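Chains as they are written, first to last, in the working numbering: chain A, 51 to 467; chain X, 80 to 230.
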């Protein structure tokens, strides 16, 4: 009961108008209309503090990290490593050695596929994914399975867009060597019962990777509580910059894994005969990292924590329910993804109007939504549709924006009928 | 509706989207091709019955946006009864039109109804929607049963 009271108190303090002031781009006009940005599942906008952190790095801190003995190199190294510690605390990892900077979720998943996968997956082994995966959590495993003559198995999805966990329990066997599933679906908004999946997999000592590209901005993540073995996310969906992401991995697993990329920074000693690899996390960070990106992501994490993850979730859930109630009243419109547990993503199709036409019309009202297959083609096939329109809400969206979106939606439907 | 948007979604395009001409499958087609735009998932199948060098009959089946649906419909009407060479010539003019490279009055006249696609030039991301049916049609004329991709 205590937790609930806290959330409600925060909600009263939640000042969306003030939050919007922190995001300069939200003042922009698109085709002469105020920007109504509802494409947050693709990427979120950046607050001034993130832009300033990146700017400030290049203005007064720029030097390569872990290299020089000069002042700026020490400054940049500290800023870079401070960002790692902030992220470690943000997801409650046991050690900052478990936080590996990557270019994004995709690279993080590929790192696991190439390094962990190549070492541990053998002929006839099985990897389990789900029918609602983003292509980035399908293709790396397909490449691995092809190379190793292993098998990819897929957890089916029901008509509401939920994973059928009873089927998962049948799919998992002693041949299964890894489970890689999405925490929150980017196309449907479904929040998967990953705790159940992890518990089942761990009964058989099978590691679980969570694609948390969407989850990272919508829900509080505690990797120790979740007990996931790997977790991947991108900075740019968490109000941070593009080109920076994180792979979390349990230290013991990461320690046993061979390097992914070879090069500078990931070595302890190099001779032409033999190379000794650096310790974690540097073993997996070959070459100069996206230093400014990491620092920008650190600033984003600070910002999100300042607003409060519980408050953000509460605000987003209220937007989700408000929009869902209005949108489902529209005749000829069907929501794709009606799971009981959802984050603030609404995918839908409208009779006789292709999503791309809808997207173009809304754009002229200043409303940005995503249209297409959302890099989840197998899921589109599952629902027998080529594409959907998707509106996704973030901490700075308002009910007034949803009203505007619904009204524009009704106008387009009228124009096309 | 915004003027630029009205240019793109002209009434003729909306009409052809709603009631496309030559929609369906020709059973006696001797030239067919499938076109696909991986970016947006637009898909079109073209069926042609050639009589020597003349497009005796043409039809299509597709799923896609209004621009691509209308383009399939108007393309099929434009090339029916034409020779292979004539069809190619119309396509070249049409392509210049949608990328904004056609301004001679005479060429516009020759395109007839197809000029409704002139607004596409202001929407670079939609050029492929308008051109996919044409590429697929040309592919059907030249090679049999191959998938065309815009990417």
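C-beta atoms are modelled at their ideal positions from N, C-alpha and C, and glycine is treated no differently.
Note that this is a predicted model, so its numbers are computed, not measured.
Check, Outcome
"With a floor of 3 residues, list each beta strand (DSSP E) that falls wholly inside the segment 305-350 of chain A, ordered by position along the chain.", "317-320, 325-327"
"Take residue 454 of chain A and list the residues in its own chain whose beta-carbon comes closer than 6 Å to its own, dropping the five residues that flank it on each side.", "86"
"Since residue 98 of chain A is in the alpha helix (DSSP H), which residue starts that stretch and which ends it?", "98-106"
"Would residue 165 of chain A and residue 331 of chain A qualify as a contact pair, given that the criterion is a beta-carbon distance under 7 Å?", "no"
"I'd like to know if residue 422 of chain A contacts chain X, where contact means its C-beta is closer than 7 Å to some C-beta of that chain.", "yes"
"Got a sec: which bits of the segment 145-161 of chain X sit with their beta carbon under 7 Å from any beta carbon on chain A, in order along the chain?", "145"
"With 8 Å as the C-beta to C-beta threshold (strictly closer), list the residues of the segment 106-129 of chain X near chain A in chain order.", "118, 119, 120, 121, 122"
"Contact between the segment 92-109 of chain A and the segment 342-354 of chain A is defined here as three or more beta-carbon pairs at a separation below 8 Å; is this criterion met?", "yes"
"Within a Cβ cutoff of 8 Å, which residues of the same chain sit near residue 90 of chain X, ignoring the five residues on either side of it in sequence?", "none"
"Mind listing the chain A neighbours of residue 93 of chain X? Cutoff is C-beta to C-beta under 9 Å, in chain order.", "465, 466"
"Taking 7 Å as the cut-off, decide whether the C-beta atoms of residue 112 of chain X and residue 218 of chain X are in contact.", "yes"
"Which residues in chain A sit within 7 Å of residue 142 of chain X, going by Cβ to Cβ distance?", "436"
"Of all Cβ atoms in chain X, is any one closer than 7 Å to the Cβ of residue 286 of chain A?", "no"
"Specify the secondary structure class of residue 212 of chain X as computed by DSSP and reduced to three states.", "helix"
"Which residues in the same chain have their Cβ closer than 8 Å to the Cβ of residue 413 of chain A, if we skip the five residues on either side of it in sequence?", "80, 81"
"Grouping DSSP H, G and I as helix and E and B as strand, with all else coil, what is residue 224 of chain X?", "With a pLDDT of 47 at residue 224 of chain X, under the threshold of 50, the modelled position of that residue is not reliable, and the figure given next carries that caveat. Note: residue 224 of chain X maps to coil in three-state DSSP."
"Counting only the same chain and skipping the five closest in sequence on each side, list residues whose C-beta sits under 6 Å from that of residue 138 of chain A.", "146, 149"
"In this structure, does DSSP put residue 219 of chain X in helix, strand or coil?", "helix"
"Within 7 Å of any Cβ in chain A, is that where the Cβ of residue 211 of chain X sits?", "no"
"To the nearest angstrom, how far is it from the Cα of residue 435 of chain A to the Cα of residue 327 of chain A?", "48 Å"
"How far does the alpha helix (DSSP H) with residue 370 of chain A in it reach, from first residue to last?", "359-377"
"So for residue 131 of chain X, helix, strand or coil by DSSP?", "coil"
"How many Å lie between residue 186 of chain A and residue 285 of chain A at the Cα?", "16 Å"
"Indicate whether the contact test is met: 3 or more Cβ pairs, each with one atom in the segment 232-252 of chain A and one in the segment 265-279 of chain A, closer than 8 Å.", "yes"
"For residue 324 of chain A, is the classification buried or exposed, using 16 other Cβ atoms within 10 angstroms of its Cβ as the cut-off for buried?", "exposed"
"Could you tell me which chain A residues have their CB closer than 8 Å to the CB of residue 84 of chain X, listed as they occur along the chain?", "410, 411, 414"
"Classify residue 82 of chain A as helix, strand or coil using the three-state DSSP reduction.", "coil"
"With respect to the beta strand (DSSP E) encompassing residue 441 of chain A, which residues constitute its N-terminal and C-terminal limits?", "438-442"
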